[in-house]
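See below for the structure under consideration.
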Amino acid sequence: MSDEPKVAAAIDFGTHGSGYAWAVKCNQNDDSATRQILSRDQWSDQPATYPKNRTALLLNKDGTVADWGHSALKKYQQQRGDSAGELVTGLQMKMFLAPAHDTAPSIGGLARRNEKLIPLYLQKLYSLALNEIQLGGFKEEDIVWCLTVPAIWDDQARDAMRRAAERAGLPTEEHRFHLGLEPEVAVQYARNALSGGGMDRAGTRIVVVDAGGGTVDITAYQVEPDGRRLAEVITADGDRLGSEYVNLAFRTEILESRLNSPGHFDGASRLLDYEEKAPGLLHDLLQAFERRKIDFDPDDPGDTNISIPGRLFRLMGDAGLDALASRQNGVDDAFVISRDAFLGLFDQVLDPMMNLIETQLDRVLANAPENVRLLGMGGFAQSRYFQRRMAERFDDGDRVRFVVPPLPALAVLHGAVHFAYDPSGTRIRRTRYTYGCDASWPFKKGDPTSSKVTDDDGAELCSTRFNAFVRIGDPVEVDQEVKCVYTPMKNNQQDMAFTLYRTTEHDPRYVTDRGSVPIGELVVKLPSAVRKLTRTERKVELCMRFGGTQTKVTARVLETGETLETSIEFKPRW
Numbered sequence: 190m191s192d193e194p195k196v197a198a199a200i201d202f203g204t205h206g207s208g209y210a211w212a213v214k215c216n217q218n219d220d221s222a223t224r225q226i227l228s229r230d231q232w233s234d235q236p237a238t239y240p241k242n243r244t245a246l247l248l249n250k251d252g253t254v255a256d257w258g259h260s261a262l263k264k265y266q267q268q269r270g271d272s273a274g275e276l277v278t279g280l281q282m283k284m285f286l287a288p289a290h291d292t293a294p295s296i297g298g299l300a301r302r303n304e305k306l307i308p309l310y311l312q313k314l315y316s317l318a319l320n321e322i323q324l325g326g327f328k329e330e331d332i333v334w335c336l337t338v339p340a341i342w343d344d345q346a347r348d349a350m351r352r353a354a355e356r357a358g359l360p361t362e363e364h365r366f367h368l369g370l371e372p373e374v375a376v377q378y379a380r381n382a383l384s385g386g387g388m389d390r391a392g393t394r395i396v397v398v399d400a401g402g403g404t405v406d407i408t409a410y411q412v413e414p415d416g417r418r419l420a421e422v423i424t425a426d427g428d429r430l431g432s433e434y435v436n437l438a439f440r441t442e443i444l445e446s447r448l449n450s451p452g453h454f455d456g457a458s459r460l461l462d463y464e465e466k467a468p469g470l471l472h473d474l475l476q477a478f479e480r481r482k483i484d485f486d487p488d489d490p491g492d493t494n495i496s497i498p499g500r501l502f503r504l505m506g507d508a509g510l511d512a513l514a515s516r517q518n519g520v521d522d523a524f525v526i527s528r529d530a531f532l533g534l535f536d537q538v539l540d541p542m543m544n545l546i547e548t549q550l551d552r553v554l555a556n557a558p559e560n561v562r563l564l565g566m567g568g569f570a571q572s573r574y575f576q577r578r579m580a581e582r583f584d585d586g587d588r589v590r591f592v593v594p595p596l597p598a599l600a601v602l603h604g605a606v607h608f609a610y611d612p613s614g615t616r617i618r619r620t621r622y623t624y625g626c627d628a629s630w631p632f633k634k635g636d637p638t639s640s641k642v643t644d645d646d647g648a649e650l651c652s653t654r655f656n657a658f659v660r661i662g663d664p665v666e667v668d669q670e671v672k673c674v675y676t677p678m679k680n681n682q683q684d685m686a687f688t689l690y691r692t693t694e695h696d697p698r699y700v701t702d703r704g705s706v707p708i709g710e711l712v713v714k715l716p717s718a719v720r721k722l723t724r725t726e727r728k729v730e731l732c733m734r735f736g737g738t739q740t741k742v743t744a745r746v747l748e749t750g751e752t753l754e755t756s757i758e759f760k761p762r763w
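For the sequence shown, the numbering used here assigns the number 190 to the initial residue and increments by one for each residue that follows.
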């Protein structure tokens with residue numbers, strides 16, 4: 190029986206919504222342009238047909254899952270009294286893993302969740318997907334999976350997601366599990382959806398703006414001479430600038446501001462008080478805003494009204510409604526958002542996003558290429574105002590053309606199925622950091638005396654030198670190997686321990702330099718037979734493999750050729 194996977198499946202774990210999709214591996218589906226991808230668009234308690242369930246958990250008092258997805262939100266609204274559980278959203282589960290620029294909106298008040306929550310949600314989604322695929326006559330071991338992560342996530346965040354997947358029950362063996370970078374897999378979807386749009390022409394550069402619920406990822410690829418594979422041409426960048434932050438702006442700038450009563454109570458406290466008395470009330474308001482946000486027409490000069498639910502109407506009472514009406518030209522049955530105010534909610538997120546995109550696009554255009562395609566992807570790309578801002582600022586009708594594929598919210602999910610089916614679509618990636626480890630090199634004038642050590646031969650060494658494996662921005666082929674040789678310092682040494690570091694500096698000298706961050710530990714155990722060799726005969730070669738979605742390592746003794754047990758233990762981000 191063949192061990193080759195028979196099904197390629199993907200899970201898109203998103204901030205606002207998450208879903209799964211899959212395709213049978215067969216001759217008919219080998220051509221990605223005609224590949225049949227199956228995805229679920231029916232979920233319990235959903236308000237409308239959509240290929241993603243809400244990323245939400247309702248937790249019981251003991252931390253177990255009462256419900257998930259849209260059903261979690263519905264049950265939360267029905268809660269009463271002391272038995273009420275806790276609602277946890279995707280923003281709380283996912284966003285603390287993402288690095289942020291200073292320009293990113295704050296998620297103040299959203300606590301970092303422990304390592305149990307993401308696996309709990311993934312387990313629900315995985316079980317549903319697995320059951321559906323098995324009903325098609327396939328076995329669990331027939332499936333290769335892809336789990337998506339933002340490209341701006343570092344190795345620690347990616348490792349956290351891999352461990353979460355393992356706890357959720359997904360296989361994590363190399364041949365059955367891949368982490369897919371969201372903009373990279375989205376390109377595969379777009380190239381199929383926009384076939385004939387020039388994105389299979391050798392030399393064409395494709396700048397991807399993957400704008401989802403939580404993050405925006407911006408990177409660029411060049412089509413290889415074969416017209417199929419891609420090479421990343423700049424280092425990915427991005428920030429916590431997804432559409433959920435427009436919702437947060439609505440909460441603070443509209444809801445809390447309109448409920449504020451100077452000298453009596455602040456709007457934030459009043460809103461929380463209402464939410465405690467009527468669980469799910471805030472969700473109802475945010476859902477109503479979400480629908481208006483997607484359909485918002487920047488050319489319409491009229492106001493947008495978010496109706497006040499009956500529960501809130503009763504809680505506010507006459508005094509609260511009168512105060513609201515005084516701020517809204519007499520309107521007391523809705524939150525009124527003028528066109529300019531609505532644009533302002535968007536612009537709090539879009540302004541810093543556009544600046545990031547411009548920086549990335551300038552880097553792509555620095556070599557004066559022709560045929561640049563600027564792709565808008567992800568759920569945020571469905572917004573007409575997002576599309577207008579992008580087109581007006583960047584589409585010059587000549588070198589740069591802004592395009593949005595059909596159903597951009599499906600780009601990552603379906604693209605991840607393509608990636609699971611054939612992960613060879615990207616040949617070169619760019620390193621986001623300089624990676625290396627601590628090493629002891631000959632002590633030189635200027636080295637810190639606190640780092641001076643002596644080996645068993647009496648040689649003076651500096652123990653805090655930064656031994657770089659790859660440098661920031663380097664083009665690295667997938668699974669490219671970087672080899673370094675190390676010698677034990679002591680004759681009786683039983684293992685060799687390294688700390689892995691990253692930095693944004695191109696040529697770091699010491700691991701103690703500012704900006705040098707420890708990210709993991711690596712221990713090479715020396716077998717007893719190897720320990721019998723002299724110190725200089727026990728040279729160990731570390732082989733680091735870069736260019737994949739995760740860094741891998743192997744080690745061997747040069748004298749004997751023996752492969753040694755080793756692995757990277759990344760410092761947890763939980």
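Heads up, the beta-carbon is just placed ideally off N, CA and C, and yes, glycines get one too.
Of Leu474, Ala657 and Gly358, the smallest CA-CA separation from Phe502 is found for Leu474. Around the beta-carbon of Lys679, fewer than 16 other beta-carbon atoms lie within 10 Å, marking it exposed. For Asn656, there is no enclosing alpha helix (DSSP H); the enclosing beta strand (DSSP E) covers residues Glu649 to Val659. With contacts defined by Cβ atoms closer than 9 angstroms, Ala340 and Ala420 do not form a contacting pair.
When beta bridges are read from the DSSP output, Ser496 appears opposite Ala523. Distance between Ile307 and Gln281, taken at the CA atoms: about 10 angstroms.
Every beta strand (DSSP E) of 3 residues or more that sits fully in the stretch 393-439 is shown, in chain order, as 394-400, 405-412, 419-421 and 426-428. Sequence-distant partners of Tyr699 (beyond 5 residues in either direction) whose C-beta falls short of 7 angstroms from its own C-beta, in its chain, are Thr653, Arg654 and Phe655. Under the three-state reduction of DSSP, His472 is assigned to helix. Distance from the CA atom of Ser640 to the CA atom of Gly208, rounded to whole angstroms, is 51 angstroms. Excluding the 5 residues flanking it on each side, Trp630 has same chain C-beta neighbours closer than 7 angstroms at Leu650, Cys651 and Arg654, in chain order. Remark: C-beta atoms of Asp201 and Ala210 approach each other more closely than 9 angstroms. Here DSSP, grouped into helix, strand and coil, assigns Thr749 to coil. Counting along the chain, the unbroken beta strand (DSSP E) around Gly208 starts and ends at Gly206 to Val213. Counting along the chain, Met678 sits inside no alpha helix (DSSP H), nor does DSSP assign it H or E at all. Here Phe535 carries a helix assignment [DSSP, helix/strand/coil]. Measuring C-alpha to C-alpha distances from Ala530 to each of Asp585, Phe569, Ala512 and Glu442 identifies Glu442 as the nearest. Of all alpha-carbon atoms in Phe591, Ser572, Gly326 and Asp696, the one lying nearest the alpha-carbon of Glu479 is that of Ser572. If you draw a straight line from the Cα of Arg229 to the Cα of Gly568, it comes to about 17 angstroms. DSSP lists Ala657 and Tyr690 as the bridge partner or partners of Gly625.
A Cβ-Cβ distance of about 7 angstroms is found for the pair Ala198 and Val606, placing them in contact under the 8 angstroms criterion.
If you check the CB distance, Ala514 and Pro240 do not come in under 9 angstroms. Contact between the stretch 541-554 and the stretch 519-527 is absent: fewer than three C-beta pairs spanning the two stretches fall below 8 angstroms. Distances from the alpha-carbon of Val422 to those of Thr393, Gly431, Thr404 and Arg447 put Thr393 closest. Per DSSP, the continuous alpha helix (DSSP H) segment holding Arg380 begins and ends at Glu371 to Ala382. Residue nearest to Phe759 within the set Thr725, Thr723, Arg691 and Thr701 is Arg691 (criterion: CA-CA distance). Of the candidates Asp511, Arg578 and Asp492, the residue whose Cα lies closest to the Cα of Asn544 is Arg578. Glu329 has its alpha-carbon roughly 7 angstroms from the corresponding atom of Leu319. Under the criterion of beta carbons closer than 8 angstroms, Glu413 and Ala391 qualify as touching, at roughly 7 angstroms. Scanning its chain for C-beta atoms nearer than 6 angstroms, with the 5 sequence neighbours on each side dropped, one finds around Val589 the residues Val561, Leu563 and Phe583, in chain order.
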